[in-house]
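Trainee:
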Amino acid sequence: MDYTIKIGGEAGQGVDTIGAILSKIFTRAGYHVFSHPDYESRVRGGHNFLQIRLADRPVTASRDIVDILVALDRQSIIAHEKELSADGMVVYDSAALGEKVEKPAFLDVPFTDMAIKQGGSKIMANTVATGAVLGMLGMDLGIAREVIRGELKKKDEHVIKANLDLVVAGHESATRNCSRCAFALPPGGQRKLLIAGNEAIGLGAVLSGCKFYSAYPMTPSTGIFSFVAGKALEYGIVVEQAEDEIAAINMALGASFGGVRSMTASSGGGFALMVEGLSLAGMTETPIVIGLAQRPGPATGLPTRTEQGELLFALYAGHGEFPRVIFAPGTPEQAIHLTNKAFDLAEKYQIPALVLSDQYLADSSWSYETLNLEELRNTDYRLRGETFRNLQSYKRHALTASGISPLGIPGDGPHLVVTDSDEHDEEGHIVEDAEMRRAMVQKRLLKKMPLIKTEIEPPTVYGSDKPEVVLVGWGSTYGVLKEVVERLSARNAAMLHFSEIYPFPGTQKLDYLALLRGAKRTICVEQNAMGKFASLMRSETGYTFDANILKYDGRPFTVESLSGEIDAYLAGV
Amino acid sequence: MDYTIKIGGEAGQGVDTIGAILSKIFTRAGYHVFSHPDYESRVRGGHNFLQIRLADRPVTASRDIVDILVALDRQSIIAHEKELSADGMVVYDSAALGEKVEKPAFLDVPFTDMAIKQGGSKIMANTVATGAVLGMLGMDLGIAREVIRGELKKKDEHVIKANLDLVVAGHESATRNCSRCAFALPPGGQRKLLIAGNEAIGLGAVLSGCKFYSAYPMTPSTGIFSFVAGKALEYGIVVEQAEDEIAAINMALGASFGGVRSMTASSGGGFALMVEGLSLAGMTETPIVIGLAQRPGPATGLPTRTEQGELLFALYAGHGEFPRVIFAPGTPEQAIHLTNKAFDLAEKYQIPALVLSDQYLADSSWSYETLNLEELRNTDYRLRGETFRNLQSYKRHALTASGISPLGIPGDGPHLVVTDSDEHDEEGHIVEDAEMRRAMVQKRLLKKMPLIKTEIEPPTVYGSDKPEVVLVGWGSTYGVLKEVVERLSARNAAMLHFSEIYPFPGTQKLDYLALLRGAKRTICVEQNAMGKFASLMRSETGYTFDANILKYDGRPFTVESLSGEIDAYLAGV
Amino acid sequence: MHTLQEYEGRTPAWCPGCGNFGIRKAFQQTMVELDLAPHQFTIVSGIGQAGKFPHYVRCNTFNGLHGRSLPVATGLKLANHAMPVFVFCGDGDCYGEGGNHLLNAMRRNVNLTLFVHDNQIYGLTKGQASPTSLEGTVSNTQPFGALSQPFNPMVLAVAMDCSFVARGYVGDIDHLKELMKEAINHQGFSLLDIFQPCVTFNKVNTYDWYKKRCYPVESTYDPSDRVEAFRRAMEFGERIPLGVLYRNQRPVFEEKVPVLREKPLVRQEPLFPRVDGMLEEFY
Amino acid sequence: MHTLQEYEGRTPAWCPGCGNFGIRKAFQQTMVELDLAPHQFTIVSGIGQAGKFPHYVRCNTFNGLHGRSLPVATGLKLANHAMPVFVFCGDGDCYGEGGNHLLNAMRRNVNLTLFVHDNQIYGLTKGQASPTSLEGTVSNTQPFGALSQPFNPMVLAVAMDCSFVARGYVGDIDHLKELMKEAINHQGFSLLDIFQPCVTFNKVNTYDWYKKRCYPVESTYDPSDRVEAFRRAMEFGERIPLGVLYRNQRPVFEEKVPVLREKPLVRQEPLFPRVDGMLEEFY
Ligand SMILES: Cc1ncc(C[n+]2csc(CCOP(=O)(O)OP(=O)(O)O)c2C)c(N)n1
Ligand SMILES: Cc1ncc(C[n+]2csc(CCOP(=O)(O)OP(=O)(O)O)c2C)c(N)n1
Ligand code: SF4
Ligand code: SF4
Ligand SMILES: [Mg+2]
Ligand SMILES: [Mg+2]
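Protein chains in written order, with my numbering: chain A, 1269 to 1841; chain B, 1269 to 1841; chain C, 126 to 408; chain D, 126 to 408.
1. To test your reading of the DSSP string, which unbroken beta strand (DSSP E) runs of 3 or more residues are found completely within the segment 1276-1322 of chain B?
2. Given that a residue counts as buried once 16 or more other Cβ atoms are within 10 Å of its Cβ, and exposed if not, what is A:P1678?
3. Are A:V1301 and A:S1291 closer than 8 Å when you measure CB to CB?
4. Along the chain, which unbroken stretches of the alpha helix (DSSP H) at least 4 residues long are found entirely within the segment 135-161 of chain D?
5. Does D:V210 get closer than 8 Å to chain C when you measure Cβ to Cβ?
6. Using only alpha-carbon positions, find the residue among A:K1616, A:D1376, A:V1311 that is nearest to C:N327.
7. Rounding to the nearest angstrom, what Cα-Cα distance links B:K1479 and B:L1501 in this structure?
8. In three-state terms, what does DSSP make of A:S1530?
9. Where B:G1537 and B:I1492 are concerned, what is the direct C-alpha to C-alpha distance, given to the nearest angstrom?
10. Taking Cβ to Cβ, would you say D:R149 is nearer than 8 Å to D:S288?
11. Would you mind working out which of A:R1417, A:H1439, A:E1349, A:A1347 sits nearest A:A1383, comparing C-alpha positions?
12. Okay, do the segment 131-147 of chain C and the segment 174-184 of chain C touch, 3+ Cβ pairs below 8 Å being the bar?
13. Starting from B:S1625, trace the beta strand (DSSP E) both ways and give me its first and last residue.
14. Residues of the segment 229-249 of chain D in Cβ contact with chain B at a cutoff of 9 Å, in chain order, please.
15. Please list, in chain order, all residues of the same chain as B:G1565 whose beta carbon is under 8 Å from its beta carbon, the five residues on each side excluded.
16. Taking the alpha-carbon of B:M1763 as reference, which of B:I1558, B:F1772, B:V1752, B:P1773 has the nearest alpha-carbon?
17. Counting only the same chain and skipping the five closest in sequence on each side, list residues whose C-beta sits under 7 Å from that of C:P348.
18. Counting only runs that start and end within the segment 1473-1555 of chain A, where is the beta strand (DSSP E) found for 3 or more residues in a row?
19. Any beta carbon of chain A sitting closer than 8 Å to that of D:C323?
20. For the segment 1516-1531 of chain B, which residues have a CB atom closer than 9 Å to at least one CB atom of chain C, in sequence order?
21. Look up B:W1634 in the DSSP assignment and give the residues it is bridged to.
22. Relative to the alpha-carbon of C:I298, which residue among C:Q165, C:P341, C:R232, C:W334 has its alpha-carbon at the smallest distance?
23. Looking at chain C, is there any beta carbon in it that lies within less than 8 Å of the beta carbon of D:K202?
24. Return the first residue and the last residue of the alpha helix (DSSP H) that A:M1404 is part of.
25. Find the residues of chain D that neighbour C:Q274, judging by a C-beta separation of less than 9 Å, and give them in chain order.
26. Nearest by alpha-carbon distance to B:N1466: which of B:Y1746, B:S1632, B:S1362 is it?
27. Does any residue of chain D bring its CB to less than 8 Å from the CB of A:H1697?
28. B:A1397: which of B:A1533, B:D1381, B:G1387 sits nearest, CA to CA?
29. Measuring only between beta-carbons, confirm whether A:A1540 sits less than 8 Å from chain B.
30. Have a look at C:Y346 and C:R357 and give me their C-alpha separation to the nearest angstrom.
31. Kindly examine ligand 3 and report whether one of its heavy atoms sits closer than 7 Å to the Cβ of C:V324.
32. Just to confirm the assignment: which complete beta strand (DSSP E) runs, minimum length 3, are found wholly within the segment 279-348 of chain D?
33. Give me the subset of the segment 137-164 of chain C whose CB atoms are less than 7 Å from a CB atom of chain F, sorted by chain position.
34. Within the 8 Å Cβ cut-off, does D:A254 reach chain B?
Right, here's the structure in full:
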């Protein structure tokens, strides 16, 4: 079983509410789900959709083929009717759309009318639509009732009741009228959880002891901000909306200097404003985690869409030379763990750590039976209380063999904690001399870098052991690459996926260069126009891919579109 | 003849005045000069020096060996006495320094006393020192008088007279007392001009029709700002000190959109703040020239010193993908021409063009007999007046075969000029659709890039035709590499110097890869800790240098120090 | 004479009922009354719902970055001071991200007109508190409610001796249009803050909320008295004054720039200077 | 009781005669009198001659970027609001590059004390006009002279309802020290603008210039009246008032943040939350 349900409509019509509730019902019922939204940079009107993949095995990407299209407006039909599968159905409300479609694949359910008849508001029409989809799928309403109750728990009982009635009404109408509905669900398995990339990064931060989060709203990073803000009271986190992104990063650095774990995030335009602060973190050796949720650029670009155009920007951002780590999780699960690792390494090495995501990862929801949170690395690397107080003497930037200097907390003991954006001596005071400069560059950069590199895990290999075709990717393309490799199994294919990107992984733990060299064809798949990862690969290892498949229209790869492109390439060579 | 004169003293003591006047006298007299200052980030006190190389053939770098040390303070003796050549002399004022040095290499000239005796102020002691140096060199005072008159032309006649008397007094004292002075100058050639890197960039801008310059002061870029400001009245240039660097670049973009050639400049920290605006230039296809004068980072770093740490930052700065050019002149002459080329290409392709320099190039002065200004490329690529008015229709971002759209001026005709930082259609209005996005990325980036690449000149080769040893460098190391190659002539060496860096030069015009592959040893010389150019080379061509010589202490390479390092490396392999 | 149709741009992507429609209407009427053709002026805007404004009004347009329209407009105006340049921003755009540019635009006093769509919220990014949001505004990024004192742009502008300081409200289009004309006709930097209800995200500062509070300053009010203007500008509670709150006749920046005396920069010739003699100073 | 020696940091790299020495002296005395040991407070500073201040006074120090000290100090104070945090900036630093942060620091009202070394010039970068430079100031980057109206920080601060607004002068160290104490003791965001002659680059605003003009506000002056404060703050010409010009008792930001009620963030435990149950909301 592998169905795709697409809900289309204008911004403000409730596409995402229907999507969220359906997804929750499916996962609660034990099915696997992958969903991704497609929305415009406007608040009302336009054309948005959300696509849910519902299956009895793990699914990690979207498909081009739609089984049930919930059309909240006419545009949804115009744009997506052609995507219907052979048995695919459109469910819509002819009265609301002002048009009755007399085709067998169209199921007319009077969403609005039913809602109003039941004494509900127009908005409750969406509950009817939800019920209708469940009816079409032949799913019973037990779990749906539970989910709806849960979602509305803050509402009045009569609102809850009305919604419960409406879901039944939609269900009944579809069951009764959709003779052509050939969908069949196997029994669901264990209940699943559903988590989106932004939630995962936020969760990773909270679980890593992030105590200070300052940011300025910017799509698609705002979801991290609001997740953390939602946990602020419970977990004792100060969240502050800064006046701009420059303030956001400088506040976070101030808080980190003060002794607490801090984070900020933005998308490309806001990150651009943080670049000077990033360099300040480098010079003052102040730990910080920075989320960069990419979207298509340059400049404002396509604010609500996806791209992977900023890998090298993230890598080289900041004036002067200093170490950093860059992680680009491919799944929400990786997002939790790599955000945690970012916090850990940021503090251990006193460096900035970047978590690079994009709108596709940020907004896509994945289902899991559970997530392993036991392996989180939570170590406090700061000198605190007694330990700090009892030191004979203290130099914030002491020259050490490892390059790591003791990280004290100002005010926490009799020792002064001094740091400076100018080149400084061990105590943190301004210097001009060449010798100290050399020593500090060695300490801050050259000694730390190899140590940090040992922390980096190799890329993930999935598929054949001795592949003839290797698909290479990084970040958010993990899910689609994985599914495409499965489809290509006849071709003896594998995926090589990089999520710990900088310091670039060595080949000691996994000789990925041997894997690549052993293959007949290597293809690097990226969501940008210039092949940023391919360029980094070449500069780091000298290796050049046989081909690059690049997409830069702001839309994610789907399983079909990517495997189509790969087939075409392989057929051509 | 190849003498080095070093003037040392505290900030505020007049090290640079003495240096500037001596240099002018030498070039006016027809000698070749290269000078570079070394100063701290403070206004008074500390230890500064300026080093002038004086020769009868072109010189393009500083040496480690000092022939005449003018010590304005004791620290100058402590720091630099050891640099003296066999016949080297220190000239100083024992009364002012409070110490009489009884060594044969020390010439005591009572600078201050003489100045005061002649009724002059303490500051005029520097004129005595100037005279003393000329006396030690055995140079007559004809040209010195002329230069001093010129420099003081706005002063009262009695001040001029006093200075002229003092230069004579210093000269006489040295001539009389320096029995050990063995310096001898051959007759000078044709008069030379003397120009520093910052002046050259500023001159290049003015000569390219730059009409608007907005910036925020930041060492070492301020010299460009003040050069252009000095020409504002004469050449009709609006210069404005912005409230910050973000405003600086956005103002320049506004002016450029308005139809005039515009520029801004900063050093790394200020450039970091311009990164979002850089991306805006990319998206709106607004021509702009940006000067980036590097200094050691990260953050505030060593504000008055030199580094080449920001090549990859400059290359990848900005969110999203857009074309740019990056030039890194190696000499003031190149600085003029590459700034001009930056203006030309910026407007021709409607892109940002970066002129990457550093403190060493910015502040070093070079002598030339003359400079060829006839080859400047000055073409107006904008649609103006009649041509614009008479168009049937106009679309600012029209899709064209070359990717270049017509660049109209708002208000200049009946057509609307519309641009947007969001992705847009041909007319410049916001769009969301995938197809137009693809078309615009192709137009803006993928079509233009190959065209821009054809404009790029290959690196400069100097030295042997079929070298066994190739020294590779970029930007400000040109001069020292050239001299080191001359020294290495027995080794069959050549220099390969890159000044047009991005788009990275192809090998059609000059097969530099063949040259490198043909050599036994290739060494990339950079003033940074990580080998930024070497990394770019690898990512662009796959080529890896045999060795990297890196320097990151904020001080420039000298002829001896670099050739020493190279000898050591070659001896070791 | 131009017609309203000439100023019809693309179809607005604003929510139905949004206060921005009123600003558009008033502006289009203003252009007709001032007899400015679409190609004769330029709008510079930022990012936000307000920033989309020029796409919906036919005109020369530079729709730049969030918070950075004032510097762009400054550069543009200095390049061509014969052309009217208008800036349209959101409250977040101009009072938040762009605060430093606002301060300096007021100090410079370039002859620009700034229209702020003040909906006391971040509209396009879906409802976070803006600098003008009331204290306590809860949102997905203000879990404790907005804790800062709301920004009063009128008070700031008077304090910065801004050349023209006014406030309008989309509930009274005619009054707003008259203010727009005055603001544009004023020589010097003009700020017109416009209350514009965000019907989707701002559930406090609604049409009703403004209607109850806003009143036009009395005809006897003297906007040239800075201290009085300060006192009046502070009024923001049960009653909120609309109209021209402060005005002065400070000299305009571009008139002080010697090289702009003869004509706009963009019309100055030659485009490229002659090179002879240029090197002499270096000898 | 601490001694002056304890606050002796590195040897200043300022020019002999620079007004900054007076600020240092007054501050060191203030610390002695307030009995704050060097490790008990932190100074955050920017870049400029003023920014070097904490290196010359023994203390915890975060010497950050040009213009960005206020956000750093805000983050630091929110991490540890039990620790006094002082900010030392230049006029260019704080009123130029950092203008937006100043506006928002005043709105937030975090309990920080901001000391501005106001020499009406960019000192460290050798003499360009700063926001407080008088109109007409010619420099290597102002060939036409500074054309913008000088920034009056006192007026701005009153307009922003800044919690404590004062001005001092290094020509009267005792008065300055008393102001420093008041500013530090004030609960809320305090701005103390300090005239500090730059003997090297500012040839107009000299010791003499200030001496002729500056006078302490009379003892009857009531700094709680905002309109009066506005009027007084505007005085900047033949006479310039020194002292506390405005003061209010606005609630302090950190007291409004619920999670800071019990203790400073840096003292809160556990450092890392327990993970059980954390996933439940996602099912
Ligand atoms: C540098 C930067 N930061 C953040 C954003 C995201 N962003 C877009 S619009 C906006 C706020 C909009 O609020 P406002 O300016 O009040 O305009 P409105 O939508 O309310 O008209 C933000 C934060 C951005 N585009 N650029
Ligand atoms: C982002 C950035 N821009 C510019 C500079 C260069 N810079 C250093 S100090 C300074 C101005 C100093 O003036 P002010 O703040 O008044 O301090 P003062 O030296 O007068 O005490 C400038 C522009 C910088 N360090 N960083
Ligand atoms: S979100 Fe608010 S401001 Fe934006 S268009 Fe909708 S109603 Fe208007
Ligand atoms: S330049 Fe001016 S402000 Fe800086 S130290 Fe010297 S006198 Fe003081
Ligand atoms: Mg708004
Ligand atoms: Mg200053």
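Using N, Cα and C, we set each Cβ at its ideal position, and we do this for glycine too.
Mentor: According to the structure shown:
1. 1300-1306
2. buried
3. yes
4. 145-159
5. no
6. A:V1311
7. 11 Å
8. strand
9. 16 Å
10. no
11. A:H1439
12. yes
13. 1620-1626
14. Y247, G248, L249
15. G1536, G1537, E1575, G1577, E1578
16. B:V1752
17. A354, V369, L370, Y371, R372
18. 1478-1483, 1506-1509, 1529-1534
19. no
20. A1516, I1517, N1518, M1519, A1520, L1521, G1522, A1523, S1524, F1525, G1526, G1527, V1528, R1529, S1530
21. B:F1302, B:I1463
22. C:P341
23. no
24. 1393-1405
25. M231, R232, R233, N234, M285, D286, R375
26. B:S1632
27. yes
28. B:D1381
29. yes
30. 10 Å
31. yes
32. 289-294, 315-320, 339-341
33. The structure shown contains no chain F; the protein chains it does contain are A, B, C and D.
34. yes
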